[in-house]
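K.L.:
Chains as they are written, first to last, in this note's numbering: chain A, 17 to 350; chain B, 17 to 350.
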């Protein structure tokens with residue numbers, strides 16, 4: 017059995033190449049980086065370790081503020097993964113698997129590699145395509161032409177080119193997406209407090225449900241999905257109303273839904289801007305998408321008349337939600 | 017001795033009417049609302065309780081997400097303040113001091129009152145003026161004409177009119193202020209992660225120093241001022257670089273300072289927009305300012321050729337930083 021591990025800042029994910037095992041565990045490293053050991057041991061316990069023929073890893077968690085530099089983060093994550101899984105292969109930014117001793121020689125080559133695993137795996141299947149992964153926290157928009165990945169290799173380059181949109185459909189603070197909201201024709205500035213997240217937004221308008229995500233250990237802070245459904249929705253509405261410093265009773269359900277729709281529109285428009293730029297630059301007309309936010313990718317693609325395929329229809333929603341981990345396992349299996 | 021208490025969501029402040037005692041204690045209610053009792057008992061211990069002739073209170077902390085509604089928050093805060101200080105007067109949104117039993121009858125009339133205490137106190141002194149208070153978290157921009165406060169009485173109204181700008185010079189996430197940053201002529205989208213705050217920004221460009229604030233119990237999370245100065249500045253630069261998903265080494269000190277300047281410019285411009293609107297609407301030409309961010313108010317006023325007076329030159333920087341608490345005490349003293 018071959019396992020792929022994707023260590024993010026907020027969630028650590030794992031999947032096997034046969035798709036028989038997959039998991040996503042909430043483990044916010046910036047609060048306590050040592051939690052990573054617990055999470056990895058938990059994953060190792062769930063799989064019979066003797067069955068693991070090989071293990072591969074990618075990461076984005078090195079960017080967390082608990083690490084002074086991304087290099088320090090890569091080193092910490094590498095050590096933790098190797099401690100638990102032994103001889104692990106790490107994907108570098110040239111899409112080559114390296115031994116752990118190679119990691120120490122050029123730490124930054126192993127930073128922010130999770131999207132590369134997915135893109136490499138996709139590029140073998142879909143030669144000319146824009147690959148989109150909309151997760152809890154970020155959105156990757158990766159041009160692939162003739163089976164080659166054309167995106168920049170650092171987050172900074174990708175932020176400039178629109179290949180990385182640092183917002184997602186769960187953890188992103190609504191205040192970062194909208195600095196003003198329209199209410200009954202009036203413009204209203206938003207609070208900058210971390211009152212509500214995109215998880216609240218998409219719970220309220222029914223775009224994400226607990227069963228759509230299929231991740232374990234859902235965390236109350238990130239996902240308002242842990243209690244009774246109707247009560248959760250009311251809590252989410254209360255949080256979203258707070259973005260205008262209001263009680264739910266002040267602006268009503270209709271008002272809150274109107275805010276949620278404006279957040280979705282903002283995310284769709286931001287992706288449209290990136291897709292348009294990349295589609296024109298590379299002459300690409302097809303989009304394939306993974307991640308729990310693929311409904312955003314679908315709306316944006318349709319607006320631009322791009323052909324759209326959600327890979328959750330191919331691999332299922334649960335695998336789609338942990339796609340980089342699965343891709344690592346598949347690449348290692350080749 | 018008369019004491020004024022201002023219970024915010026992040027900080028609780030107190031001051032006496034003679035200015036002999038003042039304090040600001042970091043107490044984030046959304047993490048643990050019960051901390052308010054500890055903080056209030058600490059304040060009560062610092063002053064000899066037998067010397068307190070009367071106590072008045074205002075608040076904004078009721079908006080914290082730990083309270084389902086703002087009414088629940090007002091009720092909780094009222095109970096805590098009365099438990100510790102006994103017979104406390106609460107300022108309502110008509111600027112009248114009420115007994116604690118009156119609070120229960122109309123909870124929302126006591127929500128978000130701290131700016132009103134300051135404005136009422138200022139209105140007696142400066143009859144026609146725009147009063148600006150730029151604190152750690154928010155900015156109040158209050159029109160006063162002929163000694164009357166013209167601002168809306170709910171946060172929602174004030175967000176619409178520009179009388180409340182929900183950002184400040186310490187706790188505000190940089191990602192909420194700038195969705196793109198210019199680096200060497202190139203536009204770069206920002207991360208939506210809570211990587212850096214305005215405290216980092218103003219520490220880096222030297223606009224705020226620890227001694228300027230004069231608050232007790234500075235908290236590492238909110239204020240990067242707790243260690244050795246040069247080391248703090250480097251940590252702040254590391255955090256600010258992360259807003260572009262970068263290490264400090266990737267964009268350099270010059271790049272980070274350039275980001276900080278863009279944040280300051282954004283805050284100055286946002287205040288210019290509000291000041292211009294309010295100045296035109298009410299024909300006001302004078303600005304008086306309190307709060308640790310009065311340098312922003314000065315820049316914005318100058319850009320509009322408005323007369324500017326920082327009240328820290330009248331009351332001192334320490335009182336200016338806890339002005340609503342001081343104003344409550346002074347109003348109660350009359």
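No residue lacks a Cβ here, since even glycine has one placed at the ideal position from N, Cα and C.
Assuming residue 311 of chain A contacts residue 317 of chain A (C-beta within less than 8 Å), just tell me the rounded distance between them.
P.N.:
Stepping through the first chain from its first residue, residue 311 of chain A is reached at position 295. Stepping through the first chain from its first residue, residue 317 of chain A is reached at position 301. Going by Cβ atoms, the distance from residue 311 of chain A to residue 317 of chain A rounds to 11 Å, so no, they are not a contact pair.
K.L.:
Based on DSSP bridge pairs, tell me the residues matched to residue 199 of chain B.
P.N.:
Residue numbering aside, residue 199 of chain B sits at position 183 when the second chain is read from its first letter. In DSSP, residue 199 of chain B forms a bridge with B:202.
K.L.:
Can you give the Cα-Cα distance for residue 37 of chain B and residue 259 of chain B, rounded to whole angstroms?
P.N.:
Position 21 of the second chain holds residue 37 of chain B. Position 243 of the second chain holds residue 259 of chain B. Taking the straight line joining both Cα atoms gives about 39 Å.
K.L.:
Classify residue 311 of chain B as helix, strand or coil using the three-state DSSP reduction.
P.N.:
As a working mapping, residue 311 of chain B is identified with position 295 in the second chain. DSSP places residue 311 of chain B in helix when its eight states are reduced to three.
K.L.:
At least one CB of chain A closer than 9 Å to the CB of residue 178 of chain B: is that the case?
P.N.:
Taking the first residue of the second chain as position 1, residue 178 of chain B is located at position 162. Interface residue, yes.
K.L.:
Shortest alpha-carbon distance to residue 208 of chain A belongs to which of B:272, B:328, B:162 and B:80?
P.N.:
By one-based count along the first chain, residue 208 of chain A stands at place 192. Nearest option by C-alpha distance: B:80.
K.L.:
Quick one: which chain B residues come within Cβ less than 8 Å of residue 342 of chain A?
P.N.:
As a position in the first chain, residue 342 of chain A is number 326, starting the count at 1. Ordered by position in chain B, no residue passes the 8 Å Cβ test against residue 342 of chain A, which lies about 24 Å from the chain.
K.L.:
Hey, how far is the Cα of residue 178 of chain A from the Cα of residue 322 of chain A?
P.N.:
Locating residue 178 of chain A in the first chain gives position 162, counting from the first residue. Locating residue 322 of chain A in the first chain gives position 306, counting from the first residue. One C-alpha to the other measures close to 17 Å.
K.L.:
Using the beta-carbon of each residue, which ones in chain A are nearer than 9 Å to residue 81 of chain B?
P.N.:
Locating residue 81 of chain B in the second chain gives position 65, counting from the first residue. Within chain A, the residues near residue 81 of chain B are 209, 210, 211, 212, 254, 255 and 258.
K.L.:
Return yes when the Cβ of residue 71 of chain B is within less than 9 Å of the Cβ of residue 112 of chain B, no when it is not.
P.N.:
Taking the second chain and counting its residues from 1, the one referred to as residue 112 of chain B is at position 96. Taking the second chain and counting its residues from 1, the one referred to as residue 71 of chain B is at position 55. The answer is no: Cβ separation not under 9 Å.
K.L.:
Checking the sheet assignment: what are the DSSP bridge partners for residue 72 of chain A?
P.N.:
Counted from its first residue, the first chain places residue 72 of chain A at position 56. DSSP, once it has assigned bridges, lists A:20 and A:105 as partnering residue 72 of chain A.
K.L.:
Can you tell me the Cα-Cα spacing of residue 335 of chain B and residue 188 of chain B, whole angstroms?
P.N.:
One-based indexing of the second chain puts residue 335 of chain B at position 319. One-based indexing of the second chain puts residue 188 of chain B at position 172. Each residue's Cα considered, the two are about 22 Å apart.
K.L.:
Going by CA-CA distance only, name the one from A:213, A:212 and A:192 that's closest to residue 206 of chain B.
P.N.:
In the second chain, the residue the question calls residue 206 of chain B occupies position 190. Checked all of A:213, A:212 and A:192; the closest Cα to residue 206 of chain B is A:192.
K.L.:
In the DSSP assignment, what are the bridge partners of residue 39 of chain B?
P.N.:
Locating residue 39 of chain B in the second chain gives position 23, where the first residue counts as 1. Paired residue(s): B:30.
K.L.:
With distances taken Cα to Cα, identify the nearest neighbour of residue 24 of chain B among B:127, B:64 and B:105.
P.N.:
By one-based count along the second chain, residue 24 of chain B stands at place 8. Measuring from the Cα of residue 24 of chain B, the nearest candidate turns out to be B:127.
K.L.:
To which residues of the same chain is residue 352 of chain A closer than 8 Å at the C-beta, ignoring the five residues directly before and after it?
P.N.:
Residue coverage of chain A in this structure runs from 17 to 350, which leaves residue 352 of chain A outside it and unanswerable.
K.L.:
What residues of chain A sit near residue 320 of chain B, judged by a beta carbon separation below 9 Å?
P.N.:
Your numbering for residue 320 of chain B matches position 304 in the second chain. Correct list: empty, because the minimum Cβ distance to chain A is about 19 Å.
K.L.:
By the 10 Å Cβ neighbour count, where 16 or more other Cβ atoms means buried, how is residue 252 of chain B classified, buried or exposed?
P.N.:
For the purposes of this step, residue 252 of chain B is identified with residue 236 of the second chain, where counting begins at 1. With 16 or more other Cβ atoms within 10 Å, it is buried.
K.L.:
Per DSSP, what kind of secondary structure is residue 90 of chain B in: helix, strand or coil?
P.N.:
Sequence index remark: in the second chain, residue 90 of chain B carries index 74 (1-based). Looking at residue 90 of chain B - three-state DSSP - the assignment turns out to be helix.
K.L.:
Cβ of residue 120 of chain A less than 9 Å from any chain B Cβ?
P.N.:
As a working mapping, residue 120 of chain A is identified with position 104 in the first chain. No, residue 120 of chain A does not count as interfacial toward chain B.
K.L.:
Examine chain B for any beta-carbon lying closer than 9 Å to the beta-carbon of residue 238 of chain A, and answer yes or no.
P.N.:
For the purposes of this step, residue 238 of chain A is identified with residue 222 of the first chain, where counting begins at 1. Here the model assigns residue 238 of chain A a pLDDT of 49, short of 50, so the residue's position is not dependable and the matter cannot be decided.
K.L.:
Taking the alpha carbon of residue 77 of chain A as the reference point, which residue from A:33, A:257 and A:26 has its own alpha carbon closest?
P.N.:
Stepping through the first chain from its first residue, residue 77 of chain A is reached at position 61. Nearest option by C-alpha distance: A:26.
K.L.:
Can you find the residues in the same chain that come closer than 7 Å, C-beta to C-beta, to residue 293 of chain B, ignoring five residues on each side of it along the sequence?
P.N.:
Against the second chain, residue 293 of chain B aligns to sequence position 277. Cβ within range, chain order: 178.
K.L.:
What residue from A:262, A:144 and A:40 has the CA that sits closest to residue 301 of chain A's CA?
P.N.:
Counting from 1 along the first chain, the entry for residue 301 of chain A is found at position 285. Cα-wise, what sits closest to residue 301 of chain A is A:144.
K.L.:
Could you tell me the alpha carbon to alpha carbon distance between residue 214 of chain B and residue 255 of chain B, rounded to whole angstroms?
P.N.:
Taking the first residue of the second chain as 1, we reach residue 214 of chain B at position 198. Taking the first residue of the second chain as 1, we reach residue 255 of chain B at position 239. About 11 Å.
K.L.:
Below 9 Å between beta carbons: does that hold for residue 182 of chain A and residue 278 of chain A?
P.N.:
Stepping through the first chain from its first residue, residue 182 of chain A is reached at position 166. Stepping through the first chain from its first residue, residue 278 of chain A is reached at position 262. Taking 9 Å as the Cβ cut-off, residue 182 of chain A and residue 278 of chain A do not qualify as a contacting pair.
K.L.:
Check the Cβ of residue 51 of chain A against every Cβ in chain B and list those closer than 7 Å, keeping chain order.
P.N.:
As a first step, residue 51 of chain A is located in the first chain; it is residue number 35 there, counting from the start. The premise fails here: residue 51 of chain A is roughly 18 Å from chain B at the closest Cβ pair, so nothing lies under 7 Å.
K.L.:
Going by beta-carbon coordinates alone, are residue 132 of chain A and residue 164 of chain A separated by less than 9 Å?
P.N.:
As a working note, residue 132 of chain A is residue 116 in the first chain. As a working note, residue 164 of chain A is residue 148 in the first chain. The answer is no: Cβ separation not under 9 Å.
K.L.:
Roughly how many whole angstroms lie between the Cα atoms of residue 308 of chain B and residue 342 of chain B?
P.N.:
Working through the second chain from its first residue, we reach residue 308 of chain B at position 292. Working through the second chain from its first residue, we reach residue 342 of chain B at position 326. If I take the Cα positions, the gap works out to 15 Å.
K.L.:
Report the residues of the region 162 to 190 of chain B with a CB closer than 9 Å to any CB of chain A, ordered along the chain.
P.N.:
So the close ones are 170, 171, 172, 174, 175, 176, 178, 180, 181, 182, 183, 184, 187, 188 and 189.
K.L.:
Return the CA-CA distance between residue 280 of chain A and residue 327 of chain B, expressed in angstroms with no decimal places.
P.N.:
By one-based count along the first chain, residue 280 of chain A stands at place 264. By one-based count along the second chain, residue 327 of chain B stands at place 311. Rounded to whole angstroms, residue 280 of chain A to residue 327 of chain B spans 43 Å at the Cα level.
K.L.:
Can you give the Cα-Cα distance for residue 276 of chain B and residue 61 of chain B, rounded to whole angstroms?
P.N.:
Numbered from its first residue, the second chain carries residue 276 of chain B at position 260. Numbered from its first residue, the second chain carries residue 61 of chain B at position 45. The alpha-carbon atoms of residue 276 of chain B and residue 61 of chain B are separated by roughly 40 Å.
K.L.:
Spell out whether any CB of chain B is found under 9 Å from the CB atom of residue 350 of chain A.
P.N.:
Walking along the first chain from the start, residue 350 of chain A turns up at place 334. So no, residue 350 of chain A is outside the interface.
K.L.:
Would you kindly work out how many angstroms separate the C-alpha atoms of residue 84 of chain B and residue 270 of chain A, rounded to a whole number?
P.N.:
Against the second chain, residue 84 of chain B aligns to sequence position 68. Against the first chain, residue 270 of chain A aligns to sequence position 254. Distance between the alpha carbons of residue 84 of chain B and residue 270 of chain A: 19 Å.
K.L.:
Identify the contact partners of residue 85 of chain B in chain A, using a Cβ-Cβ distance below 9 Å as the criterion.
P.N.:
As a working mapping, residue 85 of chain B is identified with position 69 in the second chain. Residues of chain A passing the Cβ test: 254, 263, 264 and 265.
K.L.:
What are the boundary residues of the alpha helix (DSSP H) that residue 217 of chain B is part of?
P.N.:
In the second chain, counting from the first residue as 1, residue 217 of chain B sits at position 201. Note, residue 217 of chain B: alpha helix (DSSP H), 214 to 220.
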